[in-house]
Every structure is written in structure tokens, then in C-alpha cells.
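Residue numbers (our numbering), protein chains in the order written: chain A, 41 to 415; chain B, 457 to 596.
Ideal placement from N, C-alpha and C gives every residue a C-beta, glycine not left out.
All of these numbers come straight from a predicted model, not from anything done at the bench.
To start, the structure under review is shown below, and the notes come after it.
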Amino acid sequence: MRGKYVIAGVGHTKYGSLPGRSTHSLHAEAVRNALYDANICKSDVDALLVKGPTSAPELLYGQRLAESLGISPRVGGVWDQGGAANASLIGYAAMAIEHGQCEIAVVTFADNPKTGDRSVYSRARGEGALFGWGGVPAGYAMVARRHMSELGTRPEHLGAVVVNSRRNAAANSNAQLRNKPITLDEYLARDYLVSPLRRDDCALVSDGAASVVVMSARRARELKVQRPVPILGFGQGQTSLDIAQRPRLTSTMASSSAATAFAMAGLKPADIDVAQLYDCFSIVVLMTLEDYGFCKPGQSGRFVEDGALEVGGRLPINTAGGLLAETGMPGMQLIIEGVRQMRGDAVTQVPNAKTCVISNQGGVMHTHSTLILGN
Amino acid sequence: MQADSAGPESEHVAAYHALRDGKLTYQRCRDCAHCWLPERTECPGCLGNRIDRLDACGAAKLVSWVVYHHAFVPAFADSIPYTVGLIELREGPRLISNIVGVDDPEQLRIDQELSLQVTRRRSVDVPLFTPSTARDGRYK
Chain A
41 MRGKYVIAGV
51 GHTKYGSLPG
61 RSTHSLHAEA
71 VRNALYDANI
81 CKSDVDALLV
91 KGPTSAPELL
101 YGQRLAESLG
111 ISPRVGGVWD
121 QGGAANASLI
131 GYAAMAIEHG
141 QCEIAVVTFA
151 DNPKTGDRSV
161 YSRARGEGAL
171 FGWGGVPAGY
181 AMVARRHMSE
191 LGTRPEHLGA
201 VVVNSRRNAA
211 ANSNAQLRNK
221 PITLDEYLAR
231 DYLVSPLRRD
241 DCALVSDGAA
251 SVVVMSARRA
261 RELKVQRPVP
271 ILGFGQGQTS
281 LDIAQRPRLT
291 STMASSSAAT
301 AFAMAGLKPA
311 DIDVAQLYDC
321 FSIVVLMTLE
331 DYGFCKPGQS
341 GRFVEDGALE
351 VGGRLPINTA
361 GGLLAETGMP
371 GMQLIIEGVR
381 QMRGDAVTQV
391 PNAKTCVISN
401 QGGVMHTHST
411 LILGN
Chain B
457 MQADSAGPES
467 EHVAAYHALR
477 DGKLTYQRCR
487 DCAHCWLPER
497 TECPGCLGNR
507 IDRLDACGAA
517 KLVSWVVYHH
527 AFVPAFADSI
537 PYTVGLIELR
547 EGPRLISNIV
557 GVDDPEQLRI
567 DQELSLQVTR
577 RRSVDVPLFT
587 PSTARDGRYK
């Protein structure tokens, strides 16, 4: 499979507040841009794989969207894995094409929680209502506390992730926090939202859509696609839904997801030039560095010190700002930035980058998906 | 994460946390001896359905905790700052609850010993936990 399938085109909307736009409207804009980028016709598309809007689940959403887009896909529907779904769907697209189920797949995501309804994000968790246990950040804070107390991770290490994303977003004119760089001292001076996390540790809430086109490398040559980016590997893994049921809080099935993807790609962490790591909360980046094998368990704090995450550092990550600073969109922006890095036209470009690993995850580190791109 | 929100009906709570006569209970599989919470009708270990319900001894340890400084749950706005812990019973099952009787929750420690304290709150019996060292004056 390695390199046999490509991301042929990418497209997205503006990110941030997009009042009055339905998710179908946002999808249409992003898909139009992705088809234009790939330089193919909508009539060539025979698979429509959708990550449903997180804030407003809807029955048969994938089919409703296909109708709005005027596509009658051979393969289509919504895949429910929370924030892991976009990367997973790209893997499914490759597998479906491999087995003759379709030829050209659009993978797409849209949501409008910023100007629409986002109550789903603050709802108490089941019986948790009795204990005031609600809000997505609290689940991640519970994991972060254990990581800090057990392994010696410090607020400065969470802060290093935040500072890096905000600096990279400052160079990205499409980023929601393009005017909000932050220093480590400023970060440390912020109040807790739900300790040990501060508001700056948390993903943005954003409206927007993003789409990619997947096809075989051979088909891309036939269609004269200008800048196809090869998919080298992908993998998935899932740990418990409820964090109380997780035997260990400090590691997840991200490790097996990455192992599957690295094995397919024939690469190891040391071969990776740039990474786009799902950063809905700063702690996730630290744990992903460990689970992916970029450092040993418990060593991620030390790993991110001293500018290691900047371009020129040990492992440049989240070069467009990620969920913390570009847009809170769950994952597709990271895939698109990975494509830009492999094409060599990212704003904060890692010179001569040949490999990029991308992580997507959902729930409270429940679902995980890994994608490795090349050039 | 569970997306559905359940109201604090006492019957439902009693079933979920298996509170019985003021005691916290848990389930154990007769076939494979796996122990768990919350309540299920089949054992998540072996999928068997021969299940016993046992009283927890009340000893537990703190796996992790958070301190709320924002009213994510509006009903708890007046309680801020309050502490939610992930607790492991001595018998193995884990659950979420409040850690009470602590002056400065930032000074709690992972793996520290906790004691069950079933408390009537807002007309519902809830299983709360407090540091076991409370009696020696270290925690109030």
C-alpha cells in the first residue's frame, strides 16, 4: 500500500466565526476548493466519506450531504470516531480503492459550533452530573494530572506546546489566533480553567470545513494531478471510552495506531521530518510524542524543552498552529498542513521535509488514528 | 465520553453506584471473578451473566483529580472551586466522585488512601471520598 495512494487535492473554508452558514454550505465550499486544487471534476468522485458534525449529529447525514453536493457515491456515509475520523477515513478510502469499490474519494468535515449550538461539549457525563463532572477539558485535565504527578511533567512542558502553536499561528493569516502569540511566562501566569489545565491548553471552538481528495497514484498521473502527496502509512487504535475504565491514564492505543502506520510506511520515528499532532489539549501532544516513540514514556516534558518543537528543532510540530491556535476543527486542518509541508509550500515550512506524521484522536483520547505522508 | 445526561433521580443513582443501605456495592462475576462498576447485566470480562453484588469495604485510592474553576456544570457553580477525583476501590472497580474535606486540593497526591463517605446531598445519597489521613489532622 505504501505510496500507492495519494492525497490529490485539499480545500477548506475560512476558520472562526462563520455565522449563518449551514454545515452543508461549509462542506460545499471546502469540497469545491479541494476539487479545484486536484483539478478534477465533481463527476469523477465516486466516494463521499464524511466525519459528521460533532456538535449536531444527524441521521443519514452522509446521504443528506451527498444530495446537497449532487453526488451519488458508490461508497458513502458518516464514520463516527470523533476527532480520529478524518485520518481514519483517508485510510478507508485507500483500502476501498485498492479493492475496486471506488476510484476517487472525497473525505470531508464541517461543523459550526462557534456560531451554532455547542452544548454537546459541556454536557455532564452521565452520572457525572451528580459530582459536577462535565466539560471536555476536565477529562483531559484528569489525564494531565496523572501524567504530571506520576511522571514529573511540569506546567512549563504543557506551556511549551502552547507557545509553539501560538507562534506558528502568528505566521498563518488564516489562523484564528493569528494575533495572539504568548510567552511561557504569560502562559504560567494564566488562571486555571480546570486545574491543572488553563484556557490556553484547550482547543479553540471554530466554524469551518475542510476536505481532501484521495485516489491512486496511477489515477493521479492519468488525470495530470499537479501536486499529489503519497500516503505512506496509516493505523488506528482505541482505548476505553470512559477514562475511569482505563487501566492506565498516561498512555493510550495511540501507540499501536502509530506502530501500524510506521510498519506500513517502513519508517521509524527518527525518520520523521515534521509532525502534525492532534492538540485539542496540550497534554495530548506530550502523550502522543511518547506513544509514537519520539521519546521514552515520561520523557516528553524534557523532549519539548529548549525549542525542540520549532522549525530547526528536534521535531517541528503543528506548523500552522493546530487546534490550539489555527482552528479548533477536529483534525482535518492537521492533514492539510501535512500536505502543504510535503508539497513544500507551507507558510512555516520545514526545509526539505520528506516525511510527515499526523495524529488524529477523539473522545478523551479514546479513538486514535495515524497518517504518514511523504513527498 | 458518555454523551447522555441523566437527571439525579435517586433510584437511578442507586443503581448506577450500587448504593444499598448506605453502602457502596460493586459487581463480581461468579465465573471469572472480574469486579467492576458501573452496573452491567453482563460481565465485561467474560460476557457471563452470573453476577454477584458485594459491599465495597470503603477503602480506596486516588488515581487522579481535577479542580474546577469554571462552571461547566451550572448546578455546581456555587461550589467552585470543587474537586472531582478518579477513585479506585480496594476491590478494583474505578469510579468518579468528589473528594471532600480537603483545604487545598492542589496538595492531594496520586495513589493516596481515601475513605468512602456516603453523604446525602441535594436529597440524593452519593458516594463521596475523603483522604484517609483526615482524622490525624493533616486534612480538615
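- Ala360/A has its alpha-carbon roughly 14 Å from the corresponding atom of Pro370/A.
- Identification of residues in the region 230-255 of chain A having a C-beta nearer than 9 Å to some C-beta of chain B yields Asp231, Tyr232, Leu233, Val234, Ser235, Pro236, Leu237 and Arg239, given in sequence order.
- Ile552/B reaches chain A at Gly168, Phe171, Trp173 and Ala284, counting residues in chain order whose Cβ is nearer than 7 Å.
- Per the C-alpha coordinates, the member of Ala96/A, Ser340/A, Ser322/A and Gly362/A positioned closest to Pro177/A is Ser322/A.
- When C-beta atoms of the region 276-294 of chain A are compared with those of the region 396-409 of chain A, three or more pairs fall below 8 Å, so the two segments count as touching.
- Taking the C-beta atoms as reference points, Gly273/A is found nearer than 8 Å to Arg42/A.
- If you draw a straight line from the Cα of Ala96/A to the Cα of Asp157/A, it comes to about 8 Å.
- Going by DSSP, Pro530/B is part of no beta strand (DSSP E) at all; its letter is neither H nor E.
- Apart from the 5 residues on each side of it in sequence, Val556/B sits with its Cβ closer than 8 Å to the Cβ of Thr539, Gln573, Thr575, Leu584, Phe585 and Thr586 in its chain, given in chain order.
- For Glu562/B, the chain A residues whose Cβ falls inside 8 Å of its Cβ are Ser235, in order along the chain.
- For Asp508/B, the enclosing beta strand (DSSP E) begins and ends at Ile507 to Asp511.
- Three or more Cβ pairs drawn from the region 232-249 of chain A and the region 208-224 of chain A lie within less than 8 Å of each other, which places the two stretches in contact.
- Between Cys485/B and Cys502/B, the CB-CB gap stays under 8 Å.
- For Val387/A, the three-state secondary structure derived from DSSP is coil.
- Here Gly541/B carries a strand assignment [DSSP, helix/strand/coil].
- Take the alpha-carbon of Tyr76/A and the one of Val50/A: they are about 9 Å apart.
- Among the residues of the region 518-536 of chain B, those with a Cβ less than 8 Å away from any Cβ of chain A are Val519, Ser520, Trp521, Val522, Val523, Tyr524, His525, His526, Phe528, Val529, Ala531, Phe532 and Ser535, in the order of the chain.
- Residue-level contact by beta carbon fails for Ile507/B and chain A, as no gap is shorter than 8 Å.
- For the pair of segments examined, the region 371-390 of chain A was found not to touch the region 101-120 of chain A: the number of CB pairs separated by less than 8 Å stays below three.
- Interface annotation, Glu196/A: not in contact with chain B, CB-CB separation never under 8 Å.
- Runs of the beta strand (DSSP E) spanning 3 or more residues and lying entirely within the region 76-160 of chain A occur at 87-91, 115-118 and 145-151, in chain order.
- Nearest CB-CB separation between Glu190/A and chain B: below the 8 Å threshold.
- Boundaries of the alpha helix (DSSP H) harbouring Asp225/A: Leu224 to Ala229, taken from the DSSP string.
- With its beta carbon at least 8 Å from every one in chain A, Leu570/B lies outside the interface.
- Counting only residues of its own chain and dropping the five nearest sequence neighbours on each side, Gly168/A has a CB closer than 8 Å to the CB of Gly174.
- Thr410/A sits in a strand when the DSSP states are folded into three classes.
- For the region 540-551 of chain B, the residues whose beta carbon sits under 8 Å from a beta carbon of chain A are, in order, Val540, Leu542, Arg550 and Leu551.
- Under DSSP, Asn554/B forms a beta bridge with Val540/B.
- Neighbours of Val582/B across chain A, judged by C-beta separation under 7 Å: Leu170.
- Excluding residues up to 5 positions away in sequence, Asp313, Val314 and Gln381 lie with their Cβ nearer than 6 Å to the Cβ of Ala393/A in the same chain.
- Of all C-beta pairs linking the region 292-309 of chain A to the region 554-571 of chain B, fewer than three are shorter than 8 Å, placing the two stretches out of contact.
- Put simply, the backbone Cα of Val344/A is about 11 Å away from that of Val203/A.
- In this structure, Asn152/A sits near Leu66/A, with a CB-CB distance shorter than 8 Å.
- Chain B has a Cβ within less than 8 Å of the Cβ of Arg185/A.
- With respect to the C-alpha of Gln401/A, the residue from Leu129/A, Ala68/A and Gly102/A having the closest C-alpha is Leu129/A.
- By the Cβ-count criterion, Arg258/A is exposed, with fewer than 16 other Cβ atoms from all chains shown falling within 10 Å of its own Cβ.
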